[in-house]
Amino acid sequence: MKSLTKEFCSHLEYRLSQILDETDREELKGFWCDGILSPPPAEFQNTTEEIRHLQKIKTIAWLGKTGQDEYEMTIWLGEKAFEKYFRDENLIECIPNATKRDWVEIMPENKVISVKLL
């Protein structure tokens with residue numbers, strides 16, 4: 250699947266940086282996103298079968314005050330993103346608006362980020 254393109258990852262990176270720029274969470278103040286790995290590393294074994302069953306893709310994102318801390322990223326596919334992913338369509342329009350923040354969960358203590366696409 251080519252849906253997790255560099256273009257999509259760049260859009261997601263920008264949207265995450267927007268959210269981080271306006272965060273109320275003290276531990277995340279000054280954080281920004283400097284990149285999302287596309288394609289995901291082989292060790293995450295994002296097989297088509299696993300993605301179809303679990304509706305998620307694992308990859309790496311770089312976040313933090315320097316933007317260089319490596320985070321394990323889980324991208325959850327909502328209904329729209331799931332359909333587009335398996336039709337090999339662009340997922341950019343599945344990235345939620347920056348005014349909503351409930352689609353992003355960041356746990357800096359564990360270096361984990363989870364996002365839920367539409």
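Quick note on the working numbering: the sequence shown kicks off at 250 and runs consecutively. We put the beta carbon where it would ideally sit given N, CA and C, even for glycine. Bear in mind that the values here come from a model prediction, so they are computed numbers and not experimental data.
Residue i - partner residues in DSSP beta bridges
i    : result
L312 : C282 and D318
E292 : In the DSSP output, where bridge partners are listed per residue, E292 has none listed.
T323 : K307 and S363
Residue from the options with nearest C-alpha to residue i
i    : options                   : result
L312 : T254, S266 and S259       : S266
T315 : P289, L269 and E256       : L269
M322 : L367, D273 and N295       : N295
F257 : R274, E354, E298 and I324 : I324
L261 : P357, M356, I341 and V361 : I341
M356 : S252, E276, L253 and T254 : E276
Three-state class that DSSP yields for residue i in the structure shown
i    : result
S363 : strand
I355 : strand
E275 : helix
A347 : coil
T297 : helix
L253 : coil
E338 : coil
S287 : coil
CB contact below 8 Å: residue i versus chain C
i    : result
K278 : The structure shown has no chain C; it contains just one protein chain.
Rounded straight-line distance, which links the Cα of residue j to that of residue i
i    : j    : result
Q317 : K305 : 24 Å
Q333 : P345 : Residue identity check: residue 333 is Lys in the sequence provided, not Gln. Approximately 15 Å between the Cα atoms of the pair.
W352 : K365 : 5 Å
P290 : D337 : 19 Å
S363 : E319 : 13 Å
T297 : S259 : 23 Å
G279 : D273 : 11 Å
R264 : I285 : 12 Å
I309 : K329 : 23 Å
A347 : E292 : 30 Å
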